[in-house]
Every structure is written in structure tokens, then in C-alpha cells.
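Engineer: So the protein sequences, as listed, match chains A and B. Residue numbering for the first sequence follows my numbering, beginning at 77 and increasing consecutively. Residue numbering for the second sequence follows my numbering, beginning at 77 and increasing consecutively.
Protein chains: 2
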Amino acid sequence: MLSMQEPQAVQIESNPCSESGLQRTGKLWSSLSDVCKILRIAHRSPLADDGFSFQHVQFKEGQRIHTAGQPFNMLYIVNSGFLKSLMIDESGNEQVLSFPMKGDLFGIDGIHSKQYPSETVALSSCDIVMIPFKKFAAIGRIHPGLETEIYGVMSRELVREQAMVNMLGSASAEARVARFLVSLAERFSAMGYSGKDFNLRMTRHDIGSYLGLTLETVSRTLSAFNELGLITVDQRAIGIKDMDALESLHRLPAPARRAMLKRGN
Amino acid sequence: MLSMQEPQAVQIESNPCSESGLQRTGKLWSSLSDVCKILRIAHRSPLADDGFSFQHVQFKEGQRIHTAGQPFNMLYIVNSGFLKSLMIDESGNEQVLSFPMKGDLFGIDGIHSKQYPSETVALSSCDIVMIPFKKFAAIGRIHPGLETEIYGVMSRELVREQAMVNMLGSASAEARVARFLVSLAERFSAMGYSGKDFNLRMTRHDIGSYLGLTLETVSRTLSAFNELGLITVDQRAIGIKDMDALESLHRLPAPARRAMLKRGN
DNA sequence: CGTCTGCTTGATCAGGGTCAACTCAGGTGG
DNA sequence: CCACCTGAGTTGACCCTGATCAAGCAGACG
């Protein structure tokens, strides 16, 4: 059911893989400096307290952080957990736009029209930093050094969408899935997890929607990669066996790709 | 101190294989207030002079405003003319990302990595307002009222890319072309031109790249719309005959679309 | 224990890509 | 001025990739 969830403080078991002091169970507020760390941007003034503090809110799997059409007044930063952002199109189908995870900023798309065009759902327990937009804007004024970083973060999101457009416009199904796996591996690595073995937090349907494919094609492609020894697949568990092959596959045009797969290498 | 760099020190390195360069005829300068008008955003303080002024530069068809890989230090606003932005992917194919026209801001994607990932080419004679990024950022600090607008403009670009992703992920060829025509009609109308009869400034190849289709499919689809009496086509000249049909067509899933076209209405 | 959701795999088929031939408009140079 | 060339556009024939429809399986849960 599409029950609208209120951001309520619910407690969350601490993630075993966490290393940051920020991620302690029940941490409720972060300083500006903490937030910069989560976003992985430079912050040159390690002052004790800028007067900024930001609330953390925990969400459980299935809960919505914001819904489409809801008035915009908040940006969100993922401190831990996995989410998906999606748009509901005219015919009621969902289009997955991104899978935000630790260090990602989302909600930006709501600034323009003063309401979120998309909605974001927790795929696992999540710890989210809430950034009131007015505060966000004030930071740029008060810390000129951070201003460029803020624009940079927004620009990064734009570049990411451009890359998606690029891929959806030209890549084959195999290339898309390969690229998706490589991208996930990189992101997990950057977060300190294994880039070789990980669990997908989303369904085949979600992946298909994200990549512009059907869930059957995603499933078949993963099976094919498994056959070729590029990866191992067991439901949500993925093991990367041949990263190089995936990396090169993910940018091959269709003919070369076909030859490569046929040959079994 | 505030970024009073000489704007004419604009470095648009002349690319050996391009006709990139500046043309100095009709050089103009715009005030901040003028720029806001071009961007169609609110500007509540119509002060005589904020100390901001922005250089206009003219480009001729085929010239590049910026190239991929070039160091980022400028944003651009279209005052008049038509352009295309594109990325060159690994295999050398071009992927058209957008067709900037009057009132559009571009170059934002360069902020993040300090160099433009894309390049932008004039499809006609263009008058472009150059906005040094440092000045752009300073505006937000000095005019807090404009700050939100600035974020809003960036957010708008993100939403536009999301809409592209959405379309590329699910719409049929007919739906894409229909949506493209409707979008163009709306933009021409907003600019004061006819929304019924206009000339395409880009080739079939460009349109196909933008929509994730081949040029042949674009050509066939336009011919089909012509057959059905939805539009008239003569090379670059388009006449919209049945806007309602295009509007409804552009959001139909495949089966309903097929039925619609078969029936001849 | 039945139901539901997610995943896999098979069979079929059509939307649109690919290859190819041809026309047309504009530009260039003899 | 006309012959020629080049790039854009149209149209046809073919066929491949991936969508669609369908069946079966496994794990979660009331």
C-alpha cells in the first residue's frame, strides 16, 4: 500500500560494517563538518561548531522518505542504508531513477517546482541526514569555500543523469547490465565493502526499470554472465569473477559484443 | 577582489580541427537584471547597476562554444539561436544530450569535474551570454533572493534529464518522436514563434541520437505521422496539424499506440 | 499449508536496427 | 552555366535483440 510515512525516529540496529563514528546507533544530530565528511567534500574550517546541526532520521525498509507531489523543503543525505528513487509515469508504471546509498544527496529535483517529482523508498534500514533547503542555501553564503562544493555536488548528479541518458540511448542489454554491476562494485568498494561479493538490495524488476529493460532480460543476462564465468549469481548474491571482462563488455557496441560472447571470452 | 577578472580574457582555445573562435561583431554587455530576464526568473531588485555585467559573444553555425575536456570556468546562457550539446562516447559515437535555445543555461555539467564532459555546437548563428562561474557563485551570496532561483535553474536541468531517462527507458519510437515534436512546439511558442509551423534546426541523425533511435526510424516515423495527417513534413519544415493526437500519442504504451495508429486516428 | 512475491527459463514474435539504393538540394569548380 | 560532388533525407528488404506470454520453482509469511 502507498501509505505515506512520517519521518519518525525509529531505532535501527547498527550496521556491522560501519566504521564511522557518525554511524553509531541512535545518533541524532550531525555538525556541518560531519555532513561534509559524509558527502566526501572538502571542508577547510574544522571549527568546533558553526552553529549548524542536522537531524538524523531512521527509516525502515519500505518506508518512503518523500513522495511524488509532496511539497519540497528538505534535501537528504544517505548516511547508511540503500534506497531507490523513482518516478511514476502517466500510465502508472514506475521508472527507477537511481539507487542512492551512503554519501549520496537526493531530493535536489524538488527545488525547481517546489515539490518532489519523484519519490524515494528505503530498500533497507537507513540513516538519513535531513538538510532543510533554507539551511542548505545559507551554508553557501556563510562558507564561500563550500559554495563551490555544493554546486559541484549538484553538477555531479546532472552528470550522472547524462551518463544514464547516454547509456539508455545506445548500449545493448549486456552492456547495460555489465555497466550496472561494475558501477555497483565501485560504489561498494568506495564505501569500504567488498567490491567482489555483494548482495543486491533491489529486485530484478527494479534493475530492469533502472536500465530500461524487462526483468526477464535482466535475469537472462545475469544467467548468461554466470555461464561465461564472469560472475556468480544466487538470487540477490553476486560474486564478480572477471571484472576486466565486465569493464570491457560494458562499453562494447553490439556487433563486437556478440562476437565476444559467442566465442566464450 | 570578487572575481573581477577581465571577461574578455575568455579563453576558448581554438581547436585545430574545429572552427572554434570568437566573433566580435555586435558585442554587447548585459546587466544582471537583463540576464534574469533572459533566464525567465524573478528579479526583485531592479537597481540601476549591481556592478555585474556579462559579455555577449556571437557564434556562427558550426562553431563550438566549448569542447569536451576543456577546462571549466564559464557558464553560458542562450540569448538567441539554436545549439546542440553532445557527448562523445568511448566508441566515438556522439550522443546528443540537449538542444539549448533561448533562455537555456548550459555548461553546468562542467562544474563537478572542473572540465566540460560534453561539447556544445551552434546549429545557427547564436548570441551567447558568458557567465564566469566565480561571478555566478558570487551572485548567490550577494543577492540571497536570487540564490534560490539559481538552485532552481540547476534543478530544472536535472529534472529535464530525469524526464529523458524516463522516456528512453520506456517509450516507443512513435511516442518519442511525438513527444519531441510537442516539446519543440511548446518551446517555440514560449519564445514567441509559431508553435504550429517551424523549421527543425538539427538533422535526422541529431534527432535520432537525442531520442535513442536511428535516423531511418526518425524519418519513417515522421513520414507515418504525415500519412496520418498529424503533421506535414518537408525536409526541415514541420507543420503541426493535430496537436491533440501528438500529445496523447506521446504518452501511450506500445499496444494502445499500435491500435491508435492502425485505426488511423 | 496455501498464498504471494521474486526469480528463472522457454517459446514466440515484432519493433526497430542494419544495409542498401535512390532522390534531392546546395556548393564548387571547370 | 552546367557537371559534379557531397551530405541529408526517404524508402524498401531483411533479420536480430529484447519484449511478451507462459510455466514452474523457491522462499517468506500469515
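Quick reminder that beta carbons are idealized off the backbone N, C-alpha and C, glycines included.
Use the C-beta contact count for B:Ile193: other C-beta atoms within 10 angstroms, 16 or more gives buried, fewer gives exposed.
Structural biologist: The sequence shown places Pro at residue 193 of chain B, not Ile. So B:Pro193 counts as buried.
Engineer: At 8 Å on the CB atoms, spell out the chain B contacts of A:Ser259, in chain order.
Structural biologist: Going along chain B, no residue has its Cβ under 8 Å from A:Ser259, so there is no contact; the nearest lies around 15 Å.
Engineer: Taking only beta-carbon atoms, is A:Ile187 less than 8 Å away from chain B?
Structural biologist: So, interface residue.
Engineer: I'd like to know whether the C-beta of A:Pro176 is nearer than 8 Å to at least one C-beta of chain B.
Structural biologist: So, not an interface residue.
Engineer: Taking 8 Å as the threshold (beta carbon to beta carbon), is B:Val241 in contact with chain A?
Structural biologist: Cβ-Cβ to chain A under 8 Å: yes for B:Val241.
Engineer: Just checking my contact of A:Met206 with A:Phe130 at CB under 8 Å: how many whole Å lie between their CB atoms?
Structural biologist: At roughly 6 Å, the Cβ-Cβ gap stays under 8 Å, so A:Met206 and A:Phe130 are in contact.
Engineer: Check whether the Cβ atoms of B:Val133 and B:Ile204 sit closer than 8 Å, and answer yes or no.
Structural biologist: Going by C-beta atoms, B:Val133 is nearer than 8 Å to B:Ile204.
Engineer: So which residues on chain A does B:Ala213 lean against when the C-beta distance must stay under 7 Å?
Structural biologist: Chain A residues near B:Ala213: Glu223, Thr224, Tyr227.
Engineer: Mind listing, in chain order, the continuous beta strand (DSSP E) runs of no fewer than 3 residues lying wholly within the region 161-191 of chain A?
Structural biologist: Qualifying beta strand (DSSP E) stretches, in chain order: 170-174.
Engineer: Kindly indicate which residue of A:Arg252, A:Glu137, A:Leu260 has the alpha-carbon position closest to the one of A:Ala198.
Structural biologist: Answer by Cα proximity: A:Glu137.
Engineer: Just how far apart, CA to CA, sit B:Gly157 and B:Lys178?
Structural biologist: C-alpha separation (whole angstroms): 7 Å.
Engineer: By alpha-carbon positions, which one of A:Phe148, A:Arg232, A:Gly245, A:Arg116 ends up nearest to A:Lys210?
Structural biologist: Comparing Cα-Cα distances from A:Lys210 to each of A:Phe148, A:Arg232, A:Gly245, A:Arg116, the minimum goes to A:Phe148.
Engineer: Apart from the five residues just before and just after A:Val271, which ones in its own chain have a Cβ nearer than 6 Å to its Cβ?
Structural biologist: Just to set this straight, residue 271 of chain A is Gly in the shown sequence, not Val. For A:Gly271, where only same-chain residues beyond five positions count, the Cβ hits under 6 Å are Ala261, Phe264, Ser265.
Engineer: Using a Cβ-Cβ cutoff of less than 6 Å, which residues in the same chain neighbour B:Thr290 once the five nearest sequence positions on both sides are dropped?
Structural biologist: Result list for B:Thr290: Gly284, in chain order.
Engineer: Report back the beta-carbon spacing between B:Leu257 and B:Leu322 to the nearest angstrom; my notes put them in contact at under 8 Å.
Structural biologist: Indeed, because the Cβ distance is near 6 Å, the residues count as touching under 8 Å.
Engineer: Spatial neighbours of B:Asp273 within its chain, please: CB distance less than 6 Å, with the 5 preceding and 5 following residues excluded, ordered by chain position.
Structural biologist: Contacts found: Gly315.
Engineer: Return no unless some Cβ of chain B is closer than 8 Å to the Cβ of A:Met319.
Structural biologist: Closer than 8 Å: no.
Engineer: Please report the straight-line C-alpha distance between A:Val229 and A:Leu181, rounded to a whole angstrom.
Structural biologist: If you take the alpha carbons of A:Val229 and A:Leu181, they lie about 8 Å apart.
Engineer: Nearest-angstrom Cα distance between B:Leu325 and B:Ile141?
Structural biologist: Between B:Leu325 and B:Ile141, the C-alpha separation is close to 35 Å.
Engineer: Closest to A:Leu287 by CA distance: which of A:Leu304, A:Lys113, A:Leu306, A:Met243 is it?
Structural biologist: Nearest C-alpha to A:Leu287: A:Met243.
Engineer: Can you check whether the C-beta of B:Pro147 is within less than 8 Å of a C-beta belonging to chain A?
Structural biologist: No, no contact with chain A.
Engineer: Tell me which residue opens and which closes the beta strand (DSSP E) that B:Tyr269 is part of.
Structural biologist: Element bounds for B:Tyr269: n/a, residue is neither H nor E.
Engineer: Between which two residues does the beta strand (DSSP E) containing B:Gln139 stretch?
Structural biologist: Here B:Gln139 belongs to no beta strand (DSSP E), and DSSP marks it neither H nor E.
Engineer: Which one of A:Arg232, A:Ser167, A:Arg280, A:Gly305 has the shortest CA to CA distance from B:Asp185?
Structural biologist: Nearest option by C-alpha distance: A:Arg232.
Engineer: Could you please tell me which residues of the region 243-258 of chain B, in chain order, have their CB closer than 8 Å to any CB of chain A?
Structural biologist: Those would be Leu244, Gly245, Ser246, in chain order.
Engineer: Compute the beta-carbon to beta-carbon distance between B:His119 and B:Leu222, rounded to the nearest angstrom, for a pair I have assumed lies under 8 Å.
Structural biologist: That belief holds up - the Cβ atoms of B:His119 and B:Leu222 are roughly 7 Å apart, short of 8 Å.
Engineer: With a threshold of 8 Å between beta-carbons, can A:Gln131 be considered close to chain B, or not?
Structural biologist: No, A:Gln131 does not count as interfacial toward chain B.
Engineer: So, are the CB atoms of A:Phe128 and A:Ser161 less than 8 Å apart?
Structural biologist: The answer is no: Cβ separation not under 8 Å.
Engineer: Can you check whether the C-beta of A:Asp110 is within less than 8 Å of a C-beta belonging to chain B?
Structural biologist: Answer no: the Cβ-Cβ gap between A:Asp110 and chain B never drops below 8 Å.
Engineer: So what does DSSP say about A:Asp282, is it helix, strand or coil?
Structural biologist: In the structure shown, A:Asp282 sits in a helix (DSSP, three-state: H, G or I).
Engineer: Along the chain, where does the alpha helix (DSSP H) containing A:Asp320 start, and where does it finish?
Structural biologist: Where A:Asp320 is concerned, the enclosing alpha helix (DSSP H) stretches over 319-325.
Engineer: List the residues of chain A that B:Ile104 touches, going by C-beta distances under 7 Å, in chain order.
Structural biologist: One point to set straight first is that residue 104 of chain B is Leu, not Ile, in the sequence displayed. Per Cβ cutoff of 7 Å: no residues; B:Leu104 is ~27 Å from chain A at best.
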